[in-house]
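Chains as they are written, first to last, in full-length UniProt numbering: chain Z, 1 to 335; chain R, 1 to 335. Don't be surprised by glycine CBs; every beta carbon is placed ideally from N, CA and C. To keep things clear, I will list the structure first and then write my remarks on it.
2 protein chains.
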Amino acid sequence: MSFPFFTKARSQKQQLDLIRDELRLVQKQIAAQVTSFEPHVQDYMAQICKAQGKLIRPGLVLLTAGATGGIKPEHITFAAMLELVHMATLVHDDVLDHADTRRDKPTPNALWGNELAVLLGDVMLSHAMVMGTELGDTEFCRMIAQIVRDVCQGEVEQSSRLFDLDMTRADYYELIRKKTASLFAAAMKGAAWISGMPADIVDELNRMGTLLGIAYQIYDDCLDMVGNEHSAGKTLHTDAEKGKLTLPVYFLLESSSDDIAAEVHDAIARREGIDYERISRTNAFQEAISRSVDEGLAQTAAARESLWLLPQTPYRDALVEMTYRLDELLENCRN
Amino acid sequence: MSFPFFTKARSQKQQLDLIRDELRLVQKQIAAQVTSFEPHVQDYMAQICKAQGKLIRPGLVLLTAGATGGIKPEHITFAAMLELVHMATLVHDDVLDHADTRRDKPTPNALWGNELAVLLGDVMLSHAMVMGTELGDTEFCRMIAQIVRDVCQGEVEQSSRLFDLDMTRADYYELIRKKTASLFAAAMKGAAWISGMPADIVDELNRMGTLLGIAYQIYDDCLDMVGNEHSAGKTLHTDAEKGKLTLPVYFLLESSSDDIAAEVHDAIARREGIDYERISRTNAFQEAISRSVDEGLAQTAAARESLWLLPQTPYRDALVEMTYRLDELLENCRN
């Protein structure tokens, strides 16, 4: 078992140790969901639930829970539920991207075809909603349903605006807020809500989760440009090819090198991928990545501000560490 | 505007007139949902929401509401929500079936590709869940989430057991109970719950909805075998080809004509479609359809029993008529 998002943190405060047992409980609870399904669905679910990822969202839930009074059983269920929503979106993403592997394992669509993968994603989403109704009142259920809707709407917007040069950088931020940051925000907001925190703290942690999610997506977008496929464990360099306008692409379009800006603009206007091999060797490329990293760092810095509202605990410290870990990942993209 | 499920009823009690205005309100409310979505999702939703179908589930909600004390605004919202769930499953079905048209209109996958169609279906499902949280307590939300999960699990089971001769007739019934009857059951159960009926009435109407949904699916399965594509407005004769074991197929497998039984068995075992042209001209085929129709009629007869629990009202009479209309549709399959 590894949680790479935690384990390589800059400082050695071992924030993972703090929630190691609880993360195991989350993993167990995800695996235990398999029995809630009909016999003919269980085998598929068992296999899907085996391929658990970095558990960033559950980690955020647990650290926030610890920092707002202590981790309760409801936090474990909530963490498992959010991870299930995240896994469902990955199942559908892999269908859409025709991806054969994820985390070095065959994807559901590769194993069983697109049909079953779409339907299994639906089962996972609806099961997550059932779990949500066991956690709180209708307002809480509504929050969860709205988050799922936000994530899906963000994905629709992304798919429908490929190669769309009318999409502004503000649109990009709004898109990733929905697609990625809404689950991060939900993790922190929901955990604080379950802890019974007052509304101003819940709102502040919602804001922090949003900032962290946006920073994480910026990192992911930079990684697609500069990362190593082997160490990332997934296919890279495909965003620009597919016409996704990510932050580094915006900075290429605004590059002080007019040639590069024009080349990237024309490639997108022709609905073609940019010549990644060539562009990635230019100074304009380094500059675009660097400006993206700076924007990511601004988000994490703002995210850290929120944490001073909470009393000092090892959990709050671990949340601070988590933001620094993200800074480190962002900085690594500059080379 | 037409509601074919209602308009050709055997008797002329004009049960449609009873809820015509309210069905219009449901249609308006479905159309009004478009504004709840993000700007870039609205255009797609507007087009999807235009293609409204027979409104059987909303009709069941409204008639049950009328028969249990009167139609309230919550019933209209609930009816719109259930239809949205149904529409979302159709959007995903059309992706899986590579269907280009439905109700004589191009499908979302035909218009915008599989990617967007999958994601738009997800948005619709999650939006329906948001609507659900505006209707009742967490128990009600859980019921809705469980129904959506049942529908999706039924679809998974169907997709994963194509050409599966180990699937029994009991498995078939359980599959269609989940895939189709759970939404019919939810319509009646939920409407009675919103009306504030006691638990025994809610349970009885749940049972009735299940029977009606099973009968409806049997009718749909027979229609696929004997129907006319033009009047049905959809592609037919494809179930057996795709390996779906429907009730008429089970009766062909059990046919007293050993030749036919063996031929159908072997075709399925080889994962091939049966020779529809030839088989459909045999007595064994007529017999299989007829036995299926009989089973459908047994379900509607049992469904009618439940209605005597309710006081006599024009709405209860219309529900009785609806079951007879289904009988008529089933009988028409015999020729």
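Distance between beta carbons of residue j and residue i, contact taken as under 8 angstroms
i             : j      : result
C141/R        : T138/Z : 6 angstroms
L252/R        : A261/R : 7 angstroms
A240/R        : I274/R : 5 angstroms
residue 338/Z : P58/Z  : With chain Z covering only 1 through 335, there is no way to say anything about residue 338/Z.
A284/Z        : S257/Z : 4 angstroms
L23/Z         : L55/Z  : 6 angstroms
K179/R        : Q158/R : 6 angstroms
Y250/R        : L330/R : That pair is no contact at about 16 angstroms.
A187/R        : L25/R  : In fact, because the Cβ distance is near 16 angstroms, the residues do not count as touching under 8 angstroms.
L326/Z        : L63/Z  : Not confirmed; about 13 angstroms, so no contact.
I76/R         : Q47/R  : In fact, because the Cβ distance is near 23 angstroms, the residues do not count as touching under 8 angstroms.
S195/Z        : G53/Z  : Between G53/Z and S195/Z the Cβ distance is about 25 angstroms, and since that is not below 8 angstroms, they are no contact.
R177/Z        : I214/Z : 6 angstroms
A79/R         : A128/R : Contact doesn't hold; Cβ gap of about 12 angstroms is too wide.
E155/R        : L223/Z : E155/R to L223/Z, Cβ: 35 angstroms. No contact.
I289/R        : V226/R : 6 angstroms
R34/R         : Q27/R  : First, the amino acid is wrong: residue 34/R is Val here, not Arg. Actually they are not in contact, since the Cβ atoms of V34/R and Q27/R sit about 12 angstroms apart, beyond 8 angstroms.
For residue i, three-class secondary structure by DSSP
i             : result
T238/Z        : coil
T68/R         : coil
K244/Z        : coil
R102/Z        : strand
F37/Z         : coil
P198/R        : coil
N335/R        : coil
L255/R        : It is worth fixing the name first, because residue 255/R is Ser in this sequence and not Leu. Coil, per DSSP.
P314/Z        : helix
A79/R         : helix
residue 340/Z : There is no way to answer for residue 340/Z, as the model of chain Z reaches only from 1 to 335.
R10/Z         : Confidence at R10/Z is low in this model, with a pLDDT of 44, below 50, so the placement of that residue should be treated as unreliable; the coordinate-derived value is given next. Three-state DSSP puts R10/Z in coil, outside helix and strand.
Q52/R         : coil
N114/Z        : helix
R161/R        : coil
W308/Z        : helix
N228/Z        : coil
T323/R        : helix
E74/Z         : helix
E155/Z        : helix
G136/Z        : coil
T89/Z         : helix
D97/R         : coil
A107/Z        : Sequence inspection shows Thr at residue 107/Z; the Ala mentioned does not correspond to that position. In this structure, T107/Z counts as coil in the three-state DSSP scheme.
I19/R         : helix
Rounded straight-line distance, which links the Cα of residue j to that of residue i
i             : j      : result
L310/R        : A67/R  : 7 angstroms
residue 352/R : D221/R : No answer is possible for residue 352/R: the residues shown for chain R start at 1 and end at 335.
Y276/R        : H237/R : 8 angstroms
D104/Z        : M208/R : 48 angstroms
L211/Z        : L162/Z : 24 angstroms
T134/Z        : A192/R : Before going on, a small fix: residue 134/Z reads as Glu here, not Thr. Whole-angstrom Cα-Cα distance: 23 angstroms.
E272/Z        : K244/Z : 11 angstroms
T313/Z        : L125/R : 40 angstroms
D122/Z        : R281/Z : 42 angstroms
Q189/Z        : I144/Z : In the sequence under discussion, the amino acid at residue 189/Z is Lys, which differs from the Gln named in the question. Cα to Cα, the separation comes out at about 11 angstroms.
Q217/Z        : A51/R  : 36 angstroms
V148/R        : T107/Z : 24 angstroms
V202/R        : K242/R : 37 angstroms
V293/R        : A185/R : 21 angstroms
A181/Z        : D100/R : 35 angstroms
Y44/Z         : M131/Z : 19 angstroms
V91/Z         : Q299/R : 38 angstroms
E321/Z        : W308/Z : 13 angstroms
L183/Z        : H86/Z  : 8 angstroms
H40/Z         : A32/Z  : 16 angstroms
K72/Z         : P198/Z : 17 angstroms
D166/Z        : N109/R : 24 angstroms
R304/Z        : E115/R : 37 angstroms
D94/R         : D97/Z  : 19 angstroms
S160/R        : D150/R : 15 angstroms
Legend entry - Minimum length 4: unbroken alpha helix (DSSP H) runs contained in the region 258–288 of chain Z: 258–269 and 276–279
Legend entry - Residue ranges of each beta strand (DSSP E) within the region 166–218 of chain R, 3 or longer: none
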